[in-house]
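Residue numbers (my numbering), protein chains in the order written: chain A, 3 to 292; chain B, 176 to 308. We put the beta carbon where it would ideally sit given N, CA and C, even for glycine. Worksheet: the structure to be examined is printed underneath.
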Amino acid sequence: MANLRAIRKRIGSVKSTQQITKAMKMVSAAKLKRAQDAIVAARPYARKMREVVQAVAGRAGKDAHPLLSSRETKKVALLVITSDRGLCGGFNSNLLRAANRFLQETRENVGEVALYVVGRKARDFFRRRHVPMRKEYVGVLGALSYAHAEQIAGDLVDGFLAEEFDEVVIAFNEFRSAISQAVRRDKLFPVAFEQAKEEGSGTEIDYLYEPSREEILATLLPRYVEAQIFRMLLESVAGEHGARMTAMDSATNNAVDMISRLTLQMNRARQAAITKELLEIISGAEALKG
Amino acid sequence: MASKIKLELVTPERLLVSEEVDEIIAPGYEGEFGVLPEHTQYLAILSIGVLRYRKGDEVRKVAVGGGFAEVTPDRVVVLADVGEKAEEIDVDRARRAHERAEGTIKDLSLDDASYSKMRGALQRAIARMEAAG
Chain A
3 MANLRAIRKR
13 IGSVKSTQQI
23 TKAMKMVSAA
33 KLKRAQDAIV
43 AARPYARKMR
53 EVVQAVAGRA
63 GKDAHPLLSS
73 RETKKVALLV
83 ITSDRGLCGG
93 FNSNLLRAAN
103 RFLQETRENV
113 GEVALYVVGR
123 KARDFFRRRH
133 VPMRKEYVGV
143 LGALSYAHAE
153 QIAGDLVDGF
163 LAEEFDEVVI
173 AFNEFRSAIS
183 QAVRRDKLFP
193 VAFEQAKEEG
203 SGTEIDYLYE
213 PSREEILATL
223 LPRYVEAQIF
233 RMLLESVAGE
243 HGARMTAMDS
253 ATNNAVDMIS
263 RLTLQMNRAR
273 QAAITKELLE
283 IISGAEALKG
Chain B
176 MASKIKLELV
186 TPERLLVSEE
196 VDEIIAPGYE
206 GEFGVLPEHT
216 QYLAILSIGV
226 LRYRKGDEVR
236 KVAVGGGFAE
246 VTPDRVVVLA
256 DVGEKAEEID
266 VDRARRAHER
276 AEGTIKDLSL
286 DDASYSKMRG
296 ALQRAIARME
306 AAG
């Protein structure tokens with residue numbers, strides 16, 4: 003029979019773990035709310051940006067800007083967005099597994115991969131595997147601002163324009179709902195847009211541009227990329243908090259189960275000890291009688 | 176015939192203005208331009224400055240830090256990199272930023288890498304003060 007004191011101690015430690023997981027769950031819930039609000043707030047800009055870029059790029063044609071025209075893909079840049087912190091279930095490991103698989107496949111079938119990573123988890127993962135990284139952005143997710151997206155987008159656009167790679171792919175966790183995230187892999191650019199119909203369909207009049215269409219496109223497209231990256235970063239952050247909330251919720255439930263099991267065990271042990279003592283007293287008394 | 180324009184001013188972080196207005200004056204790349212209802216399709220780069228819009232007799236100001244404006248006959252969409260409504264601007268902070276930028280820029284030559292950055296900061300501070308004041 004397990005030692006009574008050992009069980010009591012165990013219950014105590016599980017209880018304090020439960021308190022921590024419970025607190026973490028509540029913190030994540032609050033952060034999730036804020037992250038969700040940020041997504042909602044950023045949505046109008048991203049949507050309008052897409053509309054405008056679509057309208058201009060569709061009219062300008064594919065050759066108007068390097069970011070629009072695809073060339074033969076020899077090298078690929080991969081941007082992986084994970085979190086800085088752990089304890090969020092399969093959030094990072096699922097994504098990193100998918101990213102790593104993509105990395106291997108691309109290396110075999112296409113060519114070199116330039117790796118850009120966001121988040122400490124991705125950095126540690128690839129460092130352990132001795133995969134060289136072109137650039138790492140660590141510690142930006144806690145206080146995420148548009149400036150971070152600008153920086154990342156700037157690095158990627160510069161590399162693309164310098165023909166260091168011919169395609170940019172981004173792997174991130176898409177925020178579906180508070181309890182569900184999905185690993186997504188998207189091609190970021192070259193940007194593919196539907197071409198506007200050549201025949202003016204009546205209402206579609208071309209814009210007057212100030213300064214020129216080419217100049218507008220040249221400033222518009224990098225910002226479009228920024229807005230996309232910003233959205234993905236926000237989604238990843240919201241997904242992280244959602245995943246952590248779920249993970250901490252189940253950890254708390256597991257702790258509750260464990261405590262009730264241990265309490266049962268403890269009561270049994272206590273009862274057995276009492277019975278044993280009683281038996282000893284009774285048999286002692288019996289012995290004296292005889 | 177539309178007699179109002181739908182103005183939507185968005186920044187990457189939030190939707191700043193979404194209103195029916197009568198007239199808009201925006202800081203374009205090649206100078207300010209005004210928009211009244213039934214304006215032709217127009218797409219412009221915005222510079223740092225103050226965007227004004229009129230609703231009846233009331234004029235409101237927003238400091239914008241560059242971006243784009245898409246104009247269609249009944250709608251204006253402004254995609255601003257940064258934007259602050261006049262009533263949200265902290266004038267003291269803007270004034271301090273202005274002094275700081277002015278102080279730094281005096282010691283820089285045109286070739287310095289940070290010159291254009293500081294000039295941007297100076298222009299933003301001026302725009303903020305103008306919008307608020």
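Tell me, please, whether the CB atom of residue i is closer than 9 Å to any CB atom in chain B?
i, result
"Pro-224 (chain A)", "no"
"Ile-155 (chain A)", "It is worth fixing the name first, because residue 155 (chain A) is Ala in this sequence and not Ile. For Ala-155 (chain A), the answer is no, since every Cβ of chain B falls outside 9 Å of its Cβ."
"Glu-107 (chain A)", "no"
"Met-260 (chain A)", "no"
"Phe-232 (chain A)", "yes"
"Glu-200 (chain A)", "Residue placement at Glu-200 (chain A) is poorly supported in this model, since its pLDDT is 48, which falls under 50; the coordinates still yield a value, given next. Not one chain B Cβ lies under 9 Å of Glu-200 (chain A)."
"Ala-43 (chain A)", "yes"
"Ala-194 (chain A)", "no"
"Ser-2 (chain A)", "This structure does not reach residue 2 (chain A), given that chain A is present from 3 up to 292, and the question cannot be answered."
"Lys-50 (chain A)", "yes"
"Ala-229 (chain A)", "yes"
"Ser-252 (chain A)", "no"
"Ala-151 (chain A)", "yes"
"Thr-23 (chain A)", "no"
"Ala-40 (chain A)", "yes"
"Ile-172 (chain A)", "no"
Name, please, each residue of chain B whose Cβ falls closer than 9 Å to the Cβ of residue i.
i, result
"Glu-110 (chain A)", "The premise fails here: Glu-110 (chain A) is roughly 38 Å from chain B at the closest Cβ pair, so nothing lies under 9 Å."
"Lys-33 (chain A)", "Ordered by position in chain B, no residue passes the 9 Å Cβ test against Lys-33 (chain A), which lies about 17 Å from the chain."
"Thr-84 (chain A)", "Near Thr-84 (chain A) there are no residues of chain B at all, since even the closest Cβ is about 22 Å away, more than 9 Å."
"Thr-75 (chain A)", "What Thr-75 (chain A) touches in chain B: nothing, since even the nearest Cβ is about 30 Å away."
Residues of chain A with a CB under 7 Å from the CB of residue i: which are they?
i, result
"Ala-219 (chain B)", "Glu-212"
So, for residue i: in the same chain, excluding its five sequence neighbours on each side, which residues have a beta-carbon less than 8 Å away from its beta-carbon?
i, result
"Ala-48 (chain A)", "Ala-229, Gln-230, Phe-232, Arg-233"
"Ala-62 (chain A)", "Leu-70, Arg-215, Glu-216, Leu-219"
Return no unless some Cβ of chain A is closer than 9 Å to the Cβ of residue i.
i, result
"Gly-308 (chain B)", "no"
"Pro-212 (chain B)", "no"
"Gly-203 (chain B)", "yes"
"Arg-294 (chain B)", "no"
"Val-185 (chain B)", "yes"
"Asp-197 (chain B)", "no"
"Leu-190 (chain B)", "yes"
For a contact defined as C-beta to C-beta under 7 Å, what are the partners of residue i on chain B?
i, result
"Val-142 (chain A)", "In chain order: nothing, as chain B lies at least about 15 Å away."
"Ile-218 (chain A)", "Leu-218, Ile-220"
"Val-58 (chain A)", "Leu-218"
"Tyr-47 (chain A)", "Val-185, Thr-186, Pro-187, Leu-254"
"Tyr-148 (chain A)", "Pro-187, Glu-188"
"Thr-221 (chain A)", "Ile-220"
Counting only the same chain and skipping the five closest in sequence on each side, list residues whose C-beta sits under 6 Å from that of residue i.
i, result
"Lys-11 (chain A)", "none"
"Lys-33 (chain A)", "His-243"
"Gly-240 (chain B)", "Ile-223, Asp-256, Val-257, Arg-299"
"Val-237 (chain B)", "Leu-226, Gly-258, Lys-260"
"Ile-180 (chain B)", "Val-196, Pro-212, Val-251"
"Ala-101 (chain A)", "Val-82, Ala-173"
"Gly-92 (chain A)", "none"
"Ala-272 (chain B)", "Ala-300"
Taking C-beta pairs closer than 8 Å, name the residues in chain B that residue i reaches, listed in chain order.
i, result
"Asp-208 (chain A)", "Gln-216"
"Val-54 (chain A)", "Leu-218, Phe-243, Glu-245, Val-252, Leu-254"
"Tyr-139 (chain A)", "The premise fails here: Tyr-139 (chain A) is roughly 17 Å from chain B at the closest Cβ pair, so nothing lies under 8 Å."
Show which residues of chain E have a CB atom less than 7 Å away from the CB atom of residue i.
i, result
"Thr-19 (chain A)", "Chain labels in this structure do not include chain E; the protein chains are A and B."
Once you ignore the five residues that flank residue i on each side, which residues in its own chain have a CB closer than 7 Å to its CB?
i, result
"Ser-178 (chain B)", "Pro-212"
"Arg-136 (chain A)", "Ala-116, Leu-117, Tyr-118"
"His-67 (chain A)", "Leu-219, Ala-220, Leu-223"
"Glu-220 (chain B)", "Sequence check: residue 220 (chain B) is Ile here, not Glu. Closer than 7 Å at the Cβ level, and outside the excluded window around Ile-220 (chain B), lie Tyr-204, Phe-243."
"Leu-254 (chain B)", "Val-185, Gly-242, Phe-243"
"Val-239 (chain A)", "Ala-37, Leu-143, Leu-146"
"Met-28 (chain A)", "none"
"Leu-283 (chain B)", "Ser-289, Tyr-290, Met-293"
Just grab the DSSP bridge partners of residue i for me.
i, result
"Val-228 (chain B)", "The residue you asked about is not Val; residue 228 (chain B) is Tyr in the sequence shown. Answer is B:Ile-199, B:Arg-235."
"Phe-208 (chain B)", "B:Ala-201"
"Gly-242 (chain B)", "B:Leu-221, B:Ala-255"
"Glu-183 (chain B)", "B:Ser-193, B:Val-252"
"Asn-175 (chain A)", "A:Val-185"
"Leu-210 (chain A)", "B:Tyr-217"
"Val-170 (chain A)", "A:Ala-79, A:Phe-191"
"Thr-247 (chain B)", "B:Arg-250"
message = Suppose only complete runs of 3+ residues qualify. What are the beta strand (DSSP E) ranges in the region 113-164 of chain A, listed by chain order?
response = 115-120, 137-139
key: Secondary structure, beta strand (DSSP E): runs of 3+ residues fully inside the region 252-281 of chain A   = none
ask   = Fully enclosed by the region 44-127 of chain A, which alpha helix (DSSP H) runs are 4 residues long or longer?
value = Annotation: the region 44-127 of chain A contains the following complete segments of the alpha helix (DSSP H) (minimum length 4 residues), in chain order: 93-111.
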